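Reviewing the structure listed below.
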Amino acid sequence: MNQSPEPNDEPVIQTVAEPIHQLLKRQAALEADGASHVSAPGAAEREASSQAHAPSAETVRFRPTGRQPLALLTILDDGYRDRGEKIRIRSSRVTIGREKGDVTIAFDADISSQHAELRYQEANGTSRWYLVDLNSTNGTFLRAYRAQLSRETELIFGSRRYRFQTPIDRQQLDETKALKTQAYQAPPRTMVQALTPQLTEMGIEEASDSAAFAIAVNNTRLGRGASCEISIPDDPLLSAQHATFIHDKRGRWTITDNRSLNGIWIRIKRMPLDQPAEFQIGQQRFYFQPHAKSRR
Numbered sequence: 019m020n021q022s023p024e025p026n027d028e029p030v031i032q033t034v035a036e037p038i039h040q041l042l043k044r045q046a047a048l049e050a051d052g053a054s055h056v057s058a059p060g061a062a063e064r065e066a067s068s069q070a071h072a073p074s075a076e077t078v079r080f081r082p083t084g085r086q087p088l089a090l091l092t093i094l095d096d097g098y099r100d101r102g103e104k105i106r107i108r109s110s111r112v113t114i115g116r117e118k119g120d121v122t123i124a125f126d127a128d129i130s131s132q133h134a135e136l137r138y139q140e141a142n143g144t145s146r147w148y149l150v151d152l153n154s155t156n157g158t159f160l161r162a163y164r165a166q167l168s169r170e171t172e173l174i175f176g177s178r179r180y181r182f183q184t185p186i187d188r189q190q191l192d193e194t195k196a197l198k199t200q201a202y203q204a205p206p207r208t209m210v211q212a213l214t215p216q217l218t219e220m221g222i223e224e225a226s227d228s229a230a231f232a233i234a235v236n237n238t239r240l241g242r243g244a245s246c247e248i249s250i251p252d253d254p255l256l257s258a259q260h261a262t263f264i265h266d267k268r269g270r271w272t273i274t275d276n277r278s279l280n281g282i283w284i285r286i287k288r289m290p291l292d293q294p295a296e297f298q299i300g301q302q303r304f305y306f307q308p309h310a311k312s313r314r
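Reminder that position 69 of the sequence shown reads as 87 in the working numbering, one-by-one numbering, no gaps.
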């Protein structure tokens, strides 16, 4: 029997991708290099002297313990992951919307009046930041490097939105069979499709025009390239091999980003943000740092 998370459970999503780590390392290296060129005369001698008399353990930089940590929200410029308007968060709730809230994006019609909220709160004895969707019309999407999928999960690849649907339990089909023997009848196409995982394009007015792709039990690659099991050549925002669907021995489905340029995005209702993360509402993307780092 396939095991899938309960509807109210938080999905397992890994938000931190390797490119973000590399970017932060480069920034830290540049800042450290810049600091070495602005030292005052005699700074090297003073530093050597202080190190000679310093204890063996490294001194820890000051961090406040009586309040929540300073967080940083960046409203990303179009086409960038590291550039935009930076907002330092000093309150426990920040609402984002088209008309109402602490951060408003008035020109994006896909954003609801009050769309999403960054919320700092305590849960199970631990204080942390959460990204919460406020029952928006078009949803809140989190960029994921790896994510566990459940029934009816909505995803964004490239320029389109899709719904992942797992096959229905075969045992449930057996239990619905009539007790008496019946003459053979071809099963309806909906039943055949229900036995195979499907990736269905959303937002198409006519159901007959919507694209549906079957997902194999073994690893299934999705991308613009012809070598992918799910090839979508007409979407220029897809990478050649964009993502991979994986089905493990316990019946769980996961999706992994293959270092694509534009990423994979998972619709969420409520998600803890313990690490830097990117999220999208409407056509606007954001970068959130739960613990803003000061320059060294």
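For glycine and all other residues, C-beta sits at the position ideal for the given N, C-alpha and C.
A quick note: this is a predicted structure, and the numbers were derived from the prediction, not measured.
Check	Outcome
Closest Cα partner of Gly-115 within the set Ile-174, Gln-298, Trp-271	Gln-298
Closest residue to Gln-183 among Ala-232, Lys-287, Trp-147 (Cα-Cα distance)	Ala-232
When Leu-173, Phe-263, Asp-252 are compared against Pro-215, the one with the closest alpha-carbon	Phe-263
Assigned secondary structure, Ala-127 (DSSP; H/G/I helix, E/B strand, else coil)	coil
DSSP three-state assignment for Thr-92, whether helix, strand or coil	strand
Three-state secondary structure assigned by DSSP to Arg-188	Annotation note: pLDDT 43 at Arg-188 (below 50); position unreliable, coordinate value reported separately. Arg-188 falls in the helix class under three-state DSSP.
Nearest to Arg-106 (by Cα), restricted to the options Thr-92, Arg-99, Gly-97	Thr-92
Within 8 angstroms, strictly: CB atoms of Asn-276 and Leu-255	no
Runs of beta strand (DSSP E) wholly within the segment 225-308 (minimum 3 residues, chain order)	230-232, 238-241, 261-265, 271-275, 282-286, 288-290, 295-299, 302-307
Alpha-carbon to alpha-carbon, Ala-295 and Ala-165	14 angstroms
Member of Arg-146, Arg-181, Ser-145 whose CA lies at the smallest distance from the CA of Gly-157	Arg-181
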